[in-house]
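Numbering (my numbering), first residue to last: 4 to 469.
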Amino acid sequence: MAFRIYNTMSRTKEELRPIDGRQVRMYTCGPTVYNYAHIGNFRAYMFEDLLRRYIKFCGFEVVQVQNLTDVDDKTIRASIEQGLPLKEYTKKYIDAFFDDLAKLNIEPAEHYPAATDYIPEMITLIEKLFEKGYAYQSADGSVYYSIDKFAEYGKLAHLDREGMQSGARVDQDEYDKDNAADFALWKAYVPEDGDVVWDSPWGRGRPGWHIECSAMSMKLLGESFDIHTGGVDNIFPHHEDEIAQSEAATGKPYSKYWMHCGYLVVDGKKMSKSLGNFHTLREVLDMGYSGREVRYELLSGHYRQSLNFAFKSLDANRAALKRLDEFSANIKEAGGSETEAGELPEWAANTRAKFAGAMDDDMNISGAMAAIFDTVHAGNKAMTESVVSEKQARAVSNLWGELDAVLGILEAPEEEVSAEVAALLEARTVARTEKNWAESDRIRDALAELGWTVKDTPEGPKLRKI
RNA sequence: GGUGCGGUAGCCAAGUGGUUAGGCACUGGAUUGCAAAUCCAUGAACAUCGGUUCGAAUCCGAUCCGCACCUCCA
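Here is the structure:
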């Protein structure tokens, strides 16, 4: 089987074949750290996490770069408003970003370059564009990229110049540019930038947004690399401009594959800061939901489709996760103290193939989850009938671990049973032996207060975290 | 105007010519002191209209509706 991914450039599914045959180098557009990211933003990071995990599942190595945009209009404006140096202001949100990634069980990328640490690389890249005739300086001192010089401009977004001319939003103020669609490589200093300024051969100023990603990706991954990802809103202009800059400068193909995820929507509308219909992760966690429930939510739809966010979905996820946890706990108990894995039981023999078959098809997560739940059902049935040996259970546990390396949601957090809870459970067992049902039920309620449900099974009472 | 994505049961969400997707919720039963969990059983769907076909959720055409991008955006 081969992992096939949808390439926005070709608009078809293509087999993933890393350029060097072994290692997948991927670049993912990261956050602008002027504020807390909202969970719509995390949908993209979640998609990228699933992608990198599945690439590894397929046996490739991964080197992932995710940039931190720590200089732009918004970060500058906000830092000046708060009277903080830019670096100090953005640090708070960079820390929060990493904190949120951890809560969502998103694997760290190999590199997190901050734009302000790569200014020399950006300047070098712009110089190269000057040499090759793609860049020009306007009267106000800013440097622009001339899209007319790059014949393939528009190849990713499939936009032609005519369509753009009649576009709904052509900025009338951009009088300094040769063409309204030319974009800034270097922005000349203006007083509103405060002390956020660097020297360059074209005068003082700061880099444009698009050049940041081109400079950092090529510095860390090479002039040609494998996968570039982002949200669909990055296709144009951001990724189109990255291609124009990078390929014009190097004369080589930039990224081999382009992958874009759909939006998180609320009541049919894209979740966004400007619409105000967003929630930050910390807000949702404060409401009592777990990072794991949010992860399940963000994972539960195909990455290219828009995904509907609703709190009642999170509630439904809680129930689904409980079902998964119940199975995991039972299979673990069925394994006893056995450490050696035997053959997989017949009901789990095809699980891995079904899971991988779905994931191979451009990460069909719904098909993959169906393979999981089908196995849960068949396994519950087998365990109900007590036809699962300890060695078989051990093998299933191992399989679960292997699949969870991709999903990151199957392993429930370990919960310690406190002495108080253990004592209550013991007291309840005594009460039940004496058929003192009133006392037994009272203790069960008390355990529920402490966050535990108790199930009475033929093998004795079992505790489960609520 | 240009370019894309979509409309599947109460809700979420796969499927792209024939065979139960899956999850949550609901209903009946088994089990249980009562529960919980689990199992068994059951119900429910392809926006509308036409066409192609032995057969269409799937292909073709038209229509209606929703969303997004077209220089801040994951």
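Positions of the beta carbon are idealized from the N, C-alpha and C atoms, including for glycine.
{"Query": "Under the three-state DSSP convention, the category Gln168 falls into", "Result": "For Gln168, the predicted structure reports a pLDDT of 49, less than 50, and the residue's modelled location is therefore unreliable. A value from the coordinates is still provided. Residue state, collapsed to three classes: helix."}
{"Query": "Span of the alpha helix (DSSP H), counted from its first residue to its last, around Leu267", "Result": "Taken as a continuous stretch (DSSP letters only), Leu267 belongs to no alpha helix (DSSP H), being part of the beta strand (DSSP E) at 267 to 269."}
{"Query": "Under 7 Å between C-beta atoms of Lys190 and Gly211", "Result": "yes"}
{"Query": "Span separating the alpha-carbon of Glu113 from that of Val66", "Result": "6 Å"}
{"Query": "CB contact flag (Tyr30, Ser220, <7 Å)", "Result": "yes"}
{"Query": "Contact belief for Asp229 with Arg7 at Cβ below 8 Å, rounded distance in angstroms", "Result": "14 Å between Cβ atoms; not a contact."}
{"Query": "Beta-carbon proximity check, Asp146 vs Ala118, cutoff 7 Å", "Result": "The question names Asp, yet the displayed sequence has Val at residue 146. For Val146 and Ala118, no; Cβs fall outside 7 Å."}
{"Query": "Contained alpha helix (DSSP H) runs [length at least 4] in the region 379 to 427, N- to C-terminal order", "Result": "393 to 410"}
{"Query": "Test item: CB-CB of Gly338 and Arg397 under 7 Å", "Result": "yes"}
{"Query": "Cβ-based burial, Leu469 [other Cβ within 10 Å; buried from 16]", "Result": "For the sequence presented, residue 469 should be read as Ile rather than Leu. The residue is exposed, with fewer than 16 neighbouring Cβ atoms inside 10 Å."}
{"Query": "Beta-carbon separation (whole angstroms), Phe45 vs Asp103, contact threshold 8 Å", "Result": "7 Å"}
{"Query": "Asp103, enclosing alpha helix (DSSP H) - first and last residue", "Result": "89 to 106"}
{"Query": "Element boundaries [beta strand (DSSP E), containing Arg355]", "Result": "It is not in any beta strand (DSSP E) - Arg355 instead sits in the alpha helix (DSSP H) that spans 354 to 363."}
{"Query": "Beta-carbon gap between Phe63 and Val27 smaller than 7 Å", "Result": "yes"}
{"Query": "Nonlocal neighbours in the same chain, by C-beta distance under 6 Å from Glu250, ignoring five residues either side", "Result": "Tyr257"}
{"Query": "Pick from Lys273, Ser277, Lys222, Asp270 that is closest to Thr253, judged by C-alpha positions", "Result": "Lys222"}
{"Query": "Pairwise C-alpha distance: Leu410 and Ala313", "Result": "21 Å"}
{"Query": "The region 365 to 378 in contact with the region 388 to 396 per 3-pair CB rule at 8 Å", "Result": "no"}
{"Query": "Sub-7 Å separation of Ile79 and Asp244 beta-carbons", "Result": "no"}
{"Query": "Inter-residue Cα distance where the pair is Gly136 and His213", "Result": "18 Å"}
{"Query": "Asn44: first and last residue of the uninterrupted alpha helix (DSSP H) it sits in", "Result": "42 to 60"}
{"Query": "C-beta atoms of Gly233 and Leu107 nearer than 7 Å", "Result": "no"}
{"Query": "Counted within 10 angstroms of its Cβ, other Cβ atoms place His1 as buried (16 or more) or exposed", "Result": "Shown here, the chain extends from 4 to 469; a query on residue 1 therefore has no answer."}
{"Query": "Which listed residue (Asn280, Phe358, Glu417, Val297) has its alpha carbon closest to that of Val269", "Result": "Asn280"}
{"Query": "Ala351 and Ala361 closer than 7 Å at C-beta", "Result": "no"}
{"Query": "Minimum C-alpha distance to Lys131 - residue among Tyr148, Gln85, Ala332, Asp407", "Result": "Tyr148"}
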